[in-house]
Amino acid sequence: MTHNEIPVPEGHEQELRAEGLNTTAIHAIGEAGISLNQVTKRYGDKAVVDQIDLTIEPGEFMTFLGPSGSGKTTTLNMIAGFTQVTEGMLHIYGKPVAKLPPHKRDIGMVFQNYALFPHKTVAENIAYPLQRRKLSKQVQAEKVAKALDMVRMGEFGDRFPSELSGGQQQRVALARALVYEPRVLLMDEPLGALDKKLRDWLQNEIKRIHREVGSTFVYVTHDQEEALSMSDRIAVFNNGKIEQVGTSEDLYEAPQTLFVGRFLGESTVLLGKGTAVGERHTAIDVAGHRVLADGQSAHEDLAILIRPENLRLELAGTEATAEQNAVPVTILDVTYLGASRRYTVRLPDGSEGAVRLGQDARIHNRGDNVVMVWEVPSGVLLVDTGEAGESAT
């Protein structure tokens with residue numbers, strides 16, 4: 000089924016118009032896998048999720064990324080039906096679900112703690128949702144076998160959870176959530192309790208399964224690397240709001256706020272007073288050092304964000320060309336990373352930055368006074384409004 004073939008369920012158009020939606024908004028809800036319109040969750044006077052608008056496409060792998068307390072898990076729980084929506088509208092494939100219990104929302108759920116029945120075998124755990132739906136024994140057996148093959152656990156059907164590793168238990172939990180073929184699968188930090196090697200492997204397995212089943216996946220994590228590697232798109236949460244939604248490349252290469260730039264991937268940030276230069280550039284005074292950035296802003300207090308791989312270190316006294324920026328820095332620490340070295344540097348304003356250089360680059364040592372150099376287009380110009388951030392336009 001294509002996006003345009005997903006209609007608003009019959010009989011709901013009048014209900015949606017009564018909620019204040021126009022024809023365009025109703026059409027968008029009908030096409031969406033999941034639609035959140037001004038969704039808010041309050042506990043007393045505190046809004047832990049504050050007027051979120053988000054459309055998740057059918058079959059999309061959407062990740063909610065953010066620090067603890069940012070609202071990402073609460074939003075997932077509202078989609079699941081475990082947490083009630085205080086205000087706003089929530090639709091799954093065009094159907095209003097804010098007042099429906101979880102078992103009527105056609106969703107699967109995978110938790111970090113697996114939540115398997117210890118007294119049931121792997122096959123019995125996977126069959127449980129099918130039993131609840133009163134499917135025949137033959138259909139149950141067929142679907143369980145298919146689900147076991149999907150997660151590559153075909154030979155483990157007769158084992159109990161206590162006889163499995165953590166990674167195997169998580170694959171069983173995934174099979175159980177998908178065995179009845181829900182249109183939406185929600186995952187709340189499912190790999191958080193696993194070691195890095197196993198976590199990396201399971202990330203690839205989850206991506207493979209997503210491609211095979213074609214369901215809409217919504218994945219919650221605070222791990223930026225996990226989000227970057229797995230997602231079609233990422234929604235970055237901060238203080239109960241969504242700061243930015245985009246692909247991994249969008250968010251990494253063109254963050255719209257200082258928070259997104261700092262949270263997603265490593266970055267070096269220079270703060271200062273900015274003035275327009277010509278029609279294309281802005282000059283920023285960073286503790287007495289003038290640097291140029293692409294773009295312009297009406298604001299005076301600005302930030303320029305540069306990724307560590309776009310920086311290099313030169314010997315003290317190196318002058319910048321017309322297309323470059325250069326500021327003096329002091330090396331505070333050097334970390335060997337195999338294919339590269341990471342340098343922690345003291346910036347002119349006293350803050351710290353990061354520079355990542357390949358093994359073919361000149362090696363510098365802790366305490367060296369050097370020059371940090373980058374090309375003018377390499378920095379992202381942002382308004383400095385603290386961690387909440389605003390884009391510079």
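Residues in the sequence shown are numbered consecutively from 0, following numbering that gives the first Met the number 0. Each residue gets a CB set at the ideal place from its N, CA and C atoms; glycine is no exception.
Approximately 6 angstroms separates the beta-carbon atoms of V285 and V326; this is inside 8 angstroms, confirming the contact. The alpha carbon of I33 has as its nearest neighbour, out of L201, A46, M77, the alpha carbon of M77. In terms of CA proximity to D348, A302 leads the group G378, A122, A302, T120.
At the C-beta level, L64 and V217 stay beyond 7 angstroms of one another. Taking V372 as the centre and dropping the five residues before and after it, the same chain places the C-beta of L310, R311, L312, E313, T317, A319, Q323, N324, A325 closer than 8 angstroms to its C-beta, in chain order.
Going by DSSP, I362 is part of no beta strand (DSSP E) at all; its letter is neither H nor E.
Here the alpha carbons of V259 and Q243 stand approximately 7 angstroms from one another.
Spatial neighbours of A31 in its own chain (CB-CB distance under 6 angstroms, excluding positions within 5 residues in sequence) are listed in chain order as T54.
Taking C-beta atoms under 8 angstroms as the contact rule, Y113 and A172 qualify, at a distance of about 5 angstroms.
Straight-line measurement puts the Cα of K71 at about 12 angstroms from the Cα of T39. Partner residues in the beta bridge of P327, as assigned by DSSP, are V370.
Between the stretch 220 to 240 and the stretch 182 to 198, the count of Cβ pairs shorter than 8 angstroms is three or higher; the stretches touch. For Q243, the beta-bridge partners assigned by DSSP are V235.
Apart from the 5 residues on each side of it in sequence, E265 sits with its Cβ closer than 6 angstroms to the Cβ of P307, A353 in its chain, given in chain order. DSSP lists H90 as the bridge partner or partners of P95. If you compare the alpha carbons of P254, T274, V276, G277 with that of V268, the shortest gap goes to P254. The DSSP-derived three-state label of D222 is coil. The shortest C-alpha to C-alpha distance from D231 to any of I241, T246, G239 is the one to T246. CA-to-CA, the gap between Y342 and G156 works out to about 50 angstroms.
DSSP places Y127 within a helical segment (H, G or I) once states are collapsed to three. Spanning the alpha carbons of E252 and P376 requires a straight line of approximately 11 angstroms. N124 is positioned such that its CB atom lies closer than 7 angstroms to that of L115. CA-to-CA, the gap between Q169 and E351 works out to about 39 angstroms. For E211, the enclosing alpha helix (DSSP H) covers residues 195 to 212. I106 and P128 have their C-alpha atoms roughly 11 angstroms apart. The continuous beta strand (DSSP E) containing L269 extends over residues 267 to 276. Comparing alpha-carbon positions, the option among H102, G80, N237 lying closest to R261 turns out to be N237. Only residues of its own chain outside the window of five on either side were considered, and among them L312, E313, L314, A315, V328, I330, H363 have a CB closer than 7 angstroms to the CB of V369, listed in chain order. In this structure, DSSP gives G287 a state outside helix and strand, which the three-state scheme calls coil. With a threshold of 16 other beta carbon atoms within 10 Å, K45 falls short and is exposed. Each of A79, L250, I51 was checked against the Cα of P181, and the nearest Cα belongs to A79.
A distance below 7 angstroms separates the beta carbons of M229 and K206. A Cβ-Cβ distance of about 40 angstroms is found for the pair L201 and A292, leaving them out of contact under the 8 angstroms criterion.
In the DSSP assignment, D187 falls within the beta strand (DSSP E) that extends over 183 to 187. The Cβ neighbour count for N36, taken over all protein chains shown within 10 Å, is at least 16; the residue is labelled buried. The alpha-carbon of L263 is positioned some 21 angstroms away from that of T73.
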